[in-house]
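The sequence shown lines up with residues 6 to 355 when you count with my numbering.
Let me begin by presenting the structure, written as structure tokens, before commenting on it.
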Amino acid sequence: MGADFVSKADIPHVLVAGIGGASLGTEVLKALTLAGGYYVSGCDISPLAFGHYCGLCRNSFLIDQNDYAQRLLDLCKRERIDIVVPGGEQPARLIADASSHFASEEIAIAANSADVVKKLGDKILCFAELKRLGIAVPETVPLTDPGFDESAPVPCIIKPAAESGGSSFVFYAGNREAVRMYAAYLRRNDLRPIAQEYVPHKGGEFTVGVLSGRDGEIFGSIALRREFPAKLSIAARGNDFLISSGYSQGYIGPNDLVCGAAEAIAAAVASTGPLNVQGRINGKGKFLSFEVNPRFSASTYLRALAGFNEVDYYVRHILGLPQRASLAVRSGWYLRGLSEAAVAPEALVS
Numbered sequence: 006m007g008a009d010f011v012s013k014a015d016i017p018h019v020l021v022a023g024i025g026g027a028s029l030g031t032e033v034l035k036a037l038t039l040a041g042g043y044y045v046s047g048c049d050i051s052p053l054a055f056g057h058y059c060g061l062c063r064n065s066f067l068i069d070q071n072d073y074a075q076r077l078l079d080l081c082k083r084e085r086i087d088i089v090v091p092g093g094e095q096p097a098r099l100i101a102d103a104s105s106h107f108a109s110e111e112i113a114i115a116a117n118s119a120d121v122v123k124k125l126g127d128k129i130l131c132f133a134e135l136k137r138l139g140i141a142v143p144e145t146v147p148l149t150d151p152g153f154d155e156s157a158p159v160p161c162i163i164k165p166a167a168e169s170g171g172s173s174f175v176f177y178a179g180n181r182e183a184v185r186m187y188a189a190y191l192r193r194n195d196l197r198p199i200a201q202e203y204v205p206h207k208g209g210e211f212t213v214g215v216l217s218g219r220d221g222e223i224f225g226s227i228a229l230r231r232e233f234p235a236k237l238s239i240a241a242r243g244n245d246f247l248i249s250s251g252y253s254q255g256y257i258g259p260n261d262l263v264c265g266a267a268e269a270i271a272a273a274v275a276s277t278g279p280l281n282v283q284g285r286i287n288g289k290g291k292f293l294s295f296e297v298n299p300r301f302s303a304s305t306y307l308r309a310l311a312g313f314n315e316v317d318y319y320v321r322h323i324l325g326l327p328q329r330a331s332l333a334v335r336s337g338w339y340l341r342g343l344s345e346a347a348v349a350p351e352a353l354v355s
């Protein structure tokens with residue numbers, strides 16, 4: 006695909022679709038700004054999205070969520086966008102479904118293939134496929150019917166089969182009664198629950214990025230060992246469990262075991278873009294992945310600070326532009342916080 010999408014301008018015009026605060030979208034904006042050399046715009050369905058006001062977009066736009074993909078395509082044509090980077094799971098799925106329409110207008114998408122997005126977007130299908138491929142994963146059981154509750158491993162994590170990013174609707178169940186309660190709660194909210202064997206975090210929890218090209222070649226990988234010095238990185242905690250939040254921070258450095266396991270997943274699922282793998286090392290020293298998402302991670306800016314600017318590298322790959330930097334990693338501690346913005350009523354995006 007690369008050479009077919011050479012930028013229409015001297016400075017590539019990138020649109021980040023989905024720029025809510027403390028989200029994947031704003032981290033992508035920061036990574037692109039760090040790289041420089043882009044005309045960066047953003048869009049979101051909410052006028053209160055932090056990305057409109059964080060000072061990282063040359064322009065930002067409000068987009069109607071009704072017929073989202075077509076509205077986004079119209080915006081791209083009007084603003085002469087070269088490439089779109091999805092800033093969240095929902096935009097990624099909607100854009101993937103309409104990828105052929107964007108391609109027909111010579112607008113590139115900085116995302117994994119539609120096939121991989123579809124295959125990994127449903128965790129019931131995803132973990133069944135990973136197990137079939139011989140990938141080590143925690144025991145995973147669908148709880149879409151109350152009759153399945155008794156087959157869940159205990160202790161376990163109960164979470165939705167889709168859109169559980171940032172540990173949304175994720176619960177620890179230490180006994181069978183808790184399994185029934187949390188599974189019923191998700192079903193009542195029209196969320197298809199799964200149960201996943203709980204792997205203690207004592208051996209280490211990691212978030213790993215694997216970047217592959219359009220031909221499946223793996224460009225590189227990077228592992229962050231998560232630390233939990235503040236509530237920001239913790240979704241829930243008890244005497245015998247810890248559930249991490251979507252805000253990773255910790256140590257980035259060489260880790261052949263973890264990166265090798267994540268690269269094996271990328272190769273097995275035929276990844277052709279960004280892939281984010283999360284997992285823990287069990288008591289036997291084996292890395293077990295509990296999340297595999299075919300997209301950039303909310304840790305992508307921390308990775309960029311470490312020298313692994315996967316957003317810049319992949320955008321240039323898709324547009325057929327020469328690379329300006331390697332993906333060599335600088336080891337160290339990479340920490341994060343939150344930032345704020347004050348917006349006058351008359352300054353809201355409309």
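Each residue gets a CB set at the ideal place from its N, CA and C atoms; glycine is no exception.
I need the straight-line Cα distance from ALA8 to GLY325, nearest angstrom please. Looking up residue 8 in the sequence shown gives position 3. Looking up residue 325 in the sequence shown gives position 320. Low per-residue confidence applies at ALA8: pLDDT is 39, beneath 50, and the placement is therefore not dependable enough to give any value.
- Any 3 or more C-beta pairs closer than 8 Å across the stretch 295 to 302 and the stretch 263 to 283: The stretch 295 to 302 vs the stretch 263 to 283: in contact.
- Task: Tell me GLN283's beta-bridge partners as DSSP assigns them.
- Result: Here residue 283 corresponds to residue number 278 of the sequence shown, with the count starting at 1. Paired residues: THR212, GLU296.
message = Tell me the residue span of the alpha helix (DSSP H) that contains PRO96.
response = Numbered from 1 along the sequence shown, position 91 holds the residue referred to as residue 96. Per DSSP, the continuous alpha helix (DSSP H) segment holding PRO96 begins and ends at 94 to 102.
Item to complete: Alpha carbon to alpha carbon, how far is ALA183 from ASP150? Give it in angstroms, no decimals.
Response: Working through the sequence shown from its first residue, we reach residue 150 at position 145. Working through the sequence shown from its first residue, we reach residue 183 at position 178. Straight-line Cα distance between these residues: approximately 16 Å.
VAL215 and LEU37 - do their beta-carbons sit closer together than 8 Å? Here residue 37 refers to the residue found at position 32 when the sequence shown is read from its first residue. Here residue 215 refers to the residue found at position 210 when the sequence shown is read from its first residue. No, the pair does not count as a contact, with Cβ atoms beyond the cut-off.
(Q) I'd like to know whether the C-beta atoms of TYR252 and GLU232 end up nearer to each other than 8 Å. (A) Within the sequence shown, residue 252 is the residue found at index 247, counting from 1. Within the sequence shown, residue 232 is the residue found at index 227, counting from 1. No, the pair does not count as a contact, with Cβ atoms beyond the cut-off.
Check your understanding: The beta strand (DSSP E) with LYS164 in it runs from where to where?
Key -> To locate residue 164, count along the sequence shown from 1; it is residue 159. Run containing LYS164: 161 to 165, per the beta strand (DSSP E) assignment.
inquiry  = According to DSSP, is TYR44 part of a helix, a strand, or is it coil?
reply    = As a position in the sequence shown, residue 44 is number 39, starting the count at 1. Strand, per DSSP.
Checklist entry - Leaving out five residues before and five after CYS131 in sequence, what residues of the same chain have Cβ atoms less than 8 Å from its Cβ? => result Locating residue 131 in the sequence shown gives position 126, counting from the first residue. Result list for CYS131: LYS124, LEU125, VAL297, in chain order.
Handout entry: Anticipated Cβ contact below 8 Å, ALA235 with ILE199, distance rounded
Key = For the purposes of this step, residue 235 is identified with residue 230 of the sequence shown, where counting begins at 1. For the purposes of this step, residue 199 is identified with residue 194 of the sequence shown, where counting begins at 1. The beta-carbon distance between ALA235 and ILE199, rounded to whole angstroms, is 29 Å. This is too long to meet the 8 Å contact definition.
Alpha carbon to alpha carbon, how far is LEU67 from MET6? Give it in angstroms, no decimals. Position 1 of the sequence shown, counted from the first residue, corresponds to residue 6. Position 62 of the sequence shown, counted from the first residue, corresponds to residue 67. Reliability of the predicted coordinates at MET6 is poor, the pLDDT of 34 falling under 50, and the value obtained from them is presented with this limitation in mind. Their Cα atoms are separated by approximately 29 Å.
When DSSP labels each residue in this structure, what does GLN201 get in the three-state scheme? What you label residue 201 is simply residue 196 of the sequence shown in a count that begins at 1. GLN201 falls in the strand class under three-state DSSP.
Margin query: Can you tell me whether ALA241 is helix, strand or coil according to DSSP?
Written below: Start at 1 with the first residue of the sequence shown, and residue 241 comes out as number 236. It is a strand residue.
* Could you check where the alpha helix (DSSP H) with LEU125 kicks off and where it finishes? -> The count along the sequence shown starts at 1 and reaches residue 125 at position 120. It spans 119 to 126 - the alpha helix (DSSP H) in which LEU125 sits, taken as one unbroken run.
Note to self: Starting from LEU20, trace the beta strand (DSSP E) in both directions and tell me its first and last residue.
What the structure shows: Residue mapping note: residue 20 aligns to position 15 of the sequence shown, counting from 1. Per DSSP, the continuous beta strand (DSSP E) segment holding LEU20 begins and ends at 18 to 22.
Can you tell me whether ASN260 is buried or exposed? The criterion is at least 16 other CB atoms within 10 Å of its CB, across all chains shown.
Within the sequence shown, residue 260 is the residue found at index 255, counting from 1. By the Cβ-count criterion, ASN260 is buried, with 16 or more other Cβ atoms from all chains shown falling within 10 Å of its own Cβ.
- LEU332 and PHE224 closer than 8 Å at C-beta: Counting from 1 along the sequence shown, the entry for residue 332 is found at position 327. Counting from 1 along the sequence shown, the entry for residue 224 is found at position 219. In this structure, LEU332 places its C-beta atom within 8 Å of the C-beta atom of PHE224.
Less than 8 Å separating the beta-carbons of GLY56 and LEU29?
Locating residue 56 in the sequence shown gives position 51, counting from the first residue. Locating residue 29 in the sequence shown gives position 24, counting from the first residue. No, the pair does not count as a contact, with Cβ atoms beyond the cut-off.
Beta-carbon separation (whole angstroms), GLY47 vs LEU77, contact threshold 8 Å: In the sequence shown, counting from the first residue as 1, residue 47 sits at position 42. In the sequence shown, counting from the first residue as 1, residue 77 sits at position 72. With a Cβ gap of about 12 Å, GLY47 and LEU77 do not count as contacting.
Task: Pair within 8 Å by beta-carbon distance, GLN201 and LEU340 - done: Taking the sequence shown and counting its residues from 1, the one referred to as residue 201 is at position 196. Taking the sequence shown and counting its residues from 1, the one referred to as residue 340 is at position 335. GLN201 is not a Cβ neighbour of LEU340, given a cutoff of 8 Å.
### Continuous alpha helix (DSSP H) stretch holding LEU80: start and end
Start at 1 with the first residue of the sequence shown, and residue 80 comes out as number 75. 73 to 84 is the extent of the alpha helix (DSSP H) around LEU80.
**Message:** Going by DSSP in three states, ASP49 sits in which element: helix, strand or coil?
**Reply:** Position 44 of the sequence shown, counted from the start, is the residue given in the question as residue 49. In the three-state DSSP reduction, ASP49 falls in the strand class (E or B).
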